[in-house]
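First comes the structure, then the notes that go with it.
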Amino acid sequence: MAKSLITVEERRGPRARRPRDHAVLAPRKELGRIKWSSHKSSVTGSSCPFMKAAINGGNSVEVFDSTVVEVRTDAGLTGYGEICPLGAAYLPAYAAGARAGIAELAPRLIGLDPTQLSLVNHAMDSAMRGHPYVKSAIDVACWDILGKVRGQPVVSLLGGRFGESFALYRAISQEVPETMAKMVSAYGSQGYTKFQLKVGGDPDIDIERIRLASAQLQRGDVLVADANTGWTQHQAIRVVDAVRSVDVCIEQPCMRYEECLAVREHTDRPFILDEVIDDIGQVPRGHQDRAMDVINLKISKVGGLTKARQIRDLCVSPGIAMTIEDTWGGDIVTAAIAHVAHSTPPALLFSSTDFNSYVTVSIAEGAPQREGGRLAAPQAPGLGIAPRMEILGKAVYES
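According to the numbering used here, the sequence shown is numbered sequentially starting from 2.
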């Protein structure tokens with residue numbers, strides 16, 4: 002079977018009009034290699050008002066630093082993965098940490114068969130406690146290889162394709178309430194039916210944001226007020242009480258699970274947990290406590306496709322709906338999301354997203370592209386993408 006090798010060395014690549022940092026894990030004889038690279042994709046641009054991402058508490062990020070992993074095998078097959086933390090203030094993850102962690106893991110994976118996904122994940126977990134985001138891109142790259150070995154798209158390996166496409170949500174960045182309401186209407190005209198309002202700031206302003214945005218909804222539309230942990234418990238309770246008559250879902254109002262559970266007990270609005278669902282054990286806990294109706298399953302938050310699939314399948318049994326996505330990313334992350342989302346039973350796929358429509362740099366050919374607020378997983382074997390090496394640039398790290 003194909004085996005992988007990881008080694009590391011440092012280089013500096015060109016910066017003009019391309020991602021700044023690119024790293025590679027180079028080959029050692031016939032065993033193959035894992036190569037990783039990073040790029041920076043601007044999410045600001047005059048052509049699209051949502052190319053700037055606003056987060057809770059006044060934090061905003063305009064440039065996202067993404068790391069791409071390339072796994073090469075002695076059989077001549079290559080797999081790719083991508084990890085893009087949403088800045089350093091959102092989750093316990095940051096871009097430089099991803100690259101440092103990959104370099105730490107690299108020597109421990111020499112000689113492993115990348116198609117043996119449980120063994121690869123066991124090796125990574127044994128070599129590094131925690132830091133699931135570090136492991137995610139490696140795991141995704143191994144799934145890419147497995148699909149190419151079997152001549153099947155990853156969506157088939159994850160259980161099969163449900164229907165022709167699936168619905169996406171559109172994130173509405175934090176602005177004044179009137180502007181956010183107009184954004185809901187504008188994206189609705191593009192075919193979106195699910196809208197995620199970024200709230201988590203001043204409760205009174207957030208209440209107005211929710212009310213004005215909900216007035217723009219059409220029959221069948223879904224509105225989510227996502228605080229991204231930004232409210233305190235008493236603020237969140239104020240908000241959910243004030244919007245009790247509004248057709249809105251409440252997502253991750255507070256930082257801690259116990260705070261979210263207390264808020265949940267004060268509202269009859271559909272409730273989504275995100276940041277606190279960071280491993281498989283949180284799902285049965287939340288289900289037993291009746292803490293949520295939906296979870297937000299982010300691939301890199303749990304360590305890659307292998308563990309995301311475990312959590313997805315666990316949710317299917319008791320009927321817990323899911324938003325399937327990641328923290329951020331470009332074409333490769335979007336492809337990985339599409340394969341998981343498209344292989345999820347439609348009744349339990351609450352929503353998903355297409356990050357490559359938010360950024361200004363395309364890093365791969367063959368990535369899925371939205372049509373009318375919907376997306377479909379690629380048909381080609383593996384992830385179905387081919388990185389644009391001229392965008393990724395030269396390596397800066399190798400051993």
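Note that beta-carbon positions come from the ideal geometry of N, C-alpha and C, so glycine has one too.
Bear in mind that the values here come from a model prediction, so they are computed numbers and not experimental data.
Cα-Cα separation between residue i and residue j, rounded to whole angstroms
i	j	result
Ile103	Val69	11 Å
Ile251	Pro108	43 Å
Leu169	Pro115	31 Å
Ala337	Ala381	13 Å
Thr328	Tyr193	20 Å
Phe65	Arg270	33 Å
Gly46	Val334	Annotation note: pLDDT 23 at Gly46 (below 50); position unreliable, coordinate value reported separately. For Gly46 and Val334, the distance between alpha carbons rounds to 21 Å.
Gln175	Ala76	48 Å
Gly374	Ala89	29 Å
Ser42	Asn229	Residue placement at Ser42 cannot be trusted, given a pLDDT of 39 that sits under 50; what the coordinates show is reported in the next sentence. Those two C-alpha atoms are separated by around 22 Å.
His123	Met181	44 Å
Gly161	Pro154	9 Å
Ile111	Ser157	28 Å
Ser127	Ala309	19 Å
Asp84	Ile300	Checking the sequence, you will find Ile at residue 84 rather than Asp. C-alpha separation (whole angstroms): 9 Å.
Leu213	Ile206	11 Å
Gln191	Ala377	17 Å
Val141	Ala243	42 Å
Ser67	Arg73	20 Å
Cys316	Pro379	24 Å
Residue i (DSSP reduced to helix, strand or coil)
i	result
Arg100	helix
Ile312	helix
Pro388	strand
Gln197	strand
Gly80	strand
Ala228	coil
Lys53	The pLDDT assigned to Lys53 is 48, lower than 50, so where the model puts this residue is not dependable, and the model offers no usable value.
Ile364	coil
Thr335	helix
Ala381	coil
Pro285	helix
Ile1	Shown here, the chain extends from 2 to 400; a query on residue 1 therefore has no answer.
Asp114	coil
Glu105	helix
Asp126	helix
His132	coil
Thr268	coil
Pro346	coil
Tyr188	helix
According to DSSP, residues forming a beta bridge with residue i
i	result
Ile325	Leu298 and Ser353
Cys250	Val225
Ala1	What the structure shows of the chain is the stretch from 2 to 400, and residue 1 is not part of that stretch, so it cannot be assessed.
Ile273	Glu252 and Val295
Arg220	BP columns for Arg220 are empty, so no partner.
Pro154	Gly383
Residue j beta carbon less than 7 Å from that of residue i
i	j	result
Ile146	Leu78	yes
Val360	Gly331	yes
Pro388	Tyr81	yes
Val185	Gln217	yes
Thr307	Glu326	no
Leu262	Met293	no
Met129	Leu159	no
Gly383	Lys149	yes
Ala226	Ile211	yes
Val341	Ala322	no
Ser352	Lys195	yes
His267	Val241	yes
Ala339	Pro369	yes
Gly201	Gly231	yes
Ala94	Pro86	yes
Ile238	Val277	no
Gly305	Lys136	yes
Residue environment, residue i, which counts as buried when at least 16 other CB atoms sit within 10 Å
i	result
Thr233	exposed
Gln197	buried
Leu120	exposed
Arg371	buried
Asp405	Because residue 405 is not part of the residues shown, which for the chain are 2 to 400, the question remains open.
Gly385	buried
Pro133	buried
Gln253	buried
Glu260	buried
Arg171	buried
Ser215	buried
Gly282	exposed
Glu165	exposed
Glu71	buried
Ser318	exposed
Val177	exposed
Asn100	Just to set this straight, residue 100 is Arg in the shown sequence, not Asn. When all chains shown are included, Arg100 counts as buried.
Residue i: CB within 6 Å of a non-hydrogen atom of the ligand FMN
i	result
Leu350	Absence of the ligand FMN is noted for the structure shown, with no ligands found whatsoever.
Chain C within 7 Å of residue i, Cβ atoms only
i	result
Val317	You won't find chain C in this structure, because it holds only one protein chain.
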